[in-house]
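> 679 is the number of the first residue of the sequence shown in this note's numbering; add one for each residue after it. A virtual CB, placed ideally from N, CA and C, is assigned to each residue, including glycine. These figures come from a predicted structure and were not determined experimentally. Submitted below is the structure of interest, expressed as structure tokens.
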Amino acid sequence: MKWTRRIRLLQRKIKQRLGSGSDQLIYTKDLLGDRYCIGDHTYGKPRVIARGEGKSLSIGKYCSISTQVLIFLGSEHRTDWVSTYPFPILWKEAGSIKGHPSSKGDVSIGNDVYIGYHVIILSGVTIGDGAVIGAGSVVTKDVPPYAIMAGNPATIIRYRFDEETIRRLLEIKWWDWPDEKVKENIHLICDDRVDAFIKKFS
């Protein structure tokens, strides 16, 4: 099946779930942009958990985020302490104790990333440009650009393209183009002739 057919199928599914009116599509920047760095045209309503020593979140442009996605910036229980119980939050006697809940660091999601239904992303994770995260996955470590990862914990299934193609696409960075340039070349972007796209814009 060509990518164009897959894209049309995805568009139909989105319209069925959200309704035919485009105003019902939730852009993540409108939802979270006042608190985090969210790129243009990214859509979806991820739930961000940032209790305790939460860190920052950045999401690039043109990302597709499915429903029931959880992103943890903090709120992780300490497994290296005697107890995993969150005494510093629930007991006033432990209110001065720092470090619980904990965080492994910021979460950074690149551009043109597709995150499937019910994915959980833990703190300290970087997801590269063009990556795909399969439904139900738990992402505990970094995801390379254009990798397809799935599972609990998520592991690499394969890469969308060969190494040289990935390198060239990362150089082109089409997601940084002005909207007008994207519109002018939309039929090349929504096509599986990746070599032709690279040849034109390299």
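What residue range is occupied by the uninterrupted beta strand (DSSP E) comprising residue 726?
The residue labelled residue 726 in the question sits at position 48 within the sequence shown. That run of the beta strand (DSSP E) goes 725-727.
> Output the boundary residues of the beta strand (DSSP E) element that contains residue 850.
The residue labelled residue 850 in the question sits at position 172 within the sequence shown. Premise fails: residue 850 lies in the alpha helix (DSSP H), 841-850, not in any beta strand (DSSP E).
> From the DSSP output, which residues share a beta bridge with residue 715?
By 1-based counting over the sequence shown, the position of residue 715 is 37. Answer by DSSP bridge pairing, in chain order: 736.
> Helix, strand or coil, according to DSSP, for residue 701 in the structure here?
The residue given as residue 701 occupies position 23 in the sequence shown. Here residue 701 scores only 42 on pLDDT, less than 50, and its place in the model is too uncertain to base an answer on.
> Decide if residue 623 is buried, meaning its Cβ has at least 16 other Cβ atoms within 10 Å, or exposed.
This structure cannot settle anything about residue 623, because the visible part of the chain is limited to 679 through 880.
> In angstroms with no decimal places, state the Cα-to-Cα distance between residue 830 and residue 784.
Against the sequence shown, residue 830 aligns to sequence position 152. Against the sequence shown, residue 784 aligns to sequence position 106. Taking the straight line joining both Cα atoms gives about 21 Å.
> Would you decide whether residue 881 is buried or exposed? Buried here means 16 or more other CB atoms lie within 10 Å of its CB.
No information on residue 881 is available, as it lies outside the stretch 679 to 880 that the chain covers here.
> Starting from residue 709, trace the alpha helix (DSSP H) both ways and give me its first and last residue.
Sequence index remark: in the sequence shown, residue 709 carries index 31 (1-based). It spans 706-710 - the alpha helix (DSSP H) in which residue 709 sits, taken as one unbroken run.
> By DSSP, does residue 872 sit in helix, in strand, or in coil?
Residue mapping note: residue 872 aligns to position 194 of the sequence shown, counting from 1. Correct three-state label for residue 872: helix.
> Starting from the Cα of residue 805, find the closest Cα among 796, 792, 814 and give me that residue.
The count along the sequence shown starts at 1 and reaches residue 805 at position 127. For the residues 796, 792, 814, the minimum Cα distance to residue 805 belongs to 792.
> Could you check the C-alpha separation between residue 800 and residue 746 for me, to the nearest Å?
Reading the sequence shown from its first residue, position 122 is the one you call residue 800. Reading the sequence shown from its first residue, position 68 is the one you call residue 746. Straight-line Cα distance between these residues: approximately 14 Å.
> Do residue 819 and the ligand SAM come close, with the Cβ less than 8 Å from some heavy atom?
For the structure depicted, the ligand SAM is absent and the ligand set is empty, with no information on it obtainable.
> Taking the C-alpha atoms as reference points, what is the distance between residue 825 and residue 836?
Within the sequence shown, numbered from 1, the residue matching residue 825 stands at position 147. Within the sequence shown, numbered from 1, the residue matching residue 836 stands at position 158. Taking the straight line joining both Cα atoms gives about 6 Å.
> State the CB to CB distance for the pair residue 817 and residue 803, rounded to an integer number of angstroms; the pair is presumed to be in contact (CB under 8 Å).
Counting from 1 along the sequence shown, the entry for residue 817 is found at position 139. Counting from 1 along the sequence shown, the entry for residue 803 is found at position 125. The pair is a contact, with the Cβ atoms about 5 Å apart (cut-off 8 Å).
> Ordered along the chain, which non-local residues of its own chain (more than five positions away) have a Cβ less than 6 Å from that of residue 775?
Taking the sequence shown and counting its residues from 1, one reaches residue 775 at position 97. Same-chain partners within the cutoff: 766.
> Can you tell me whether residue 767 is helix, strand or coil according to DSSP?
For the purposes of this step, residue 767 is taken as the residue at position 89 of the sequence shown. It is helical.
> So, using beta-carbon positions, are residue 876 and residue 846 closer together than 9 Å?
The count along the sequence shown starts at 1 and reaches residue 876 at position 198. The count along the sequence shown starts at 1 and reaches residue 846 at position 168. Yes, they are a contact pair.
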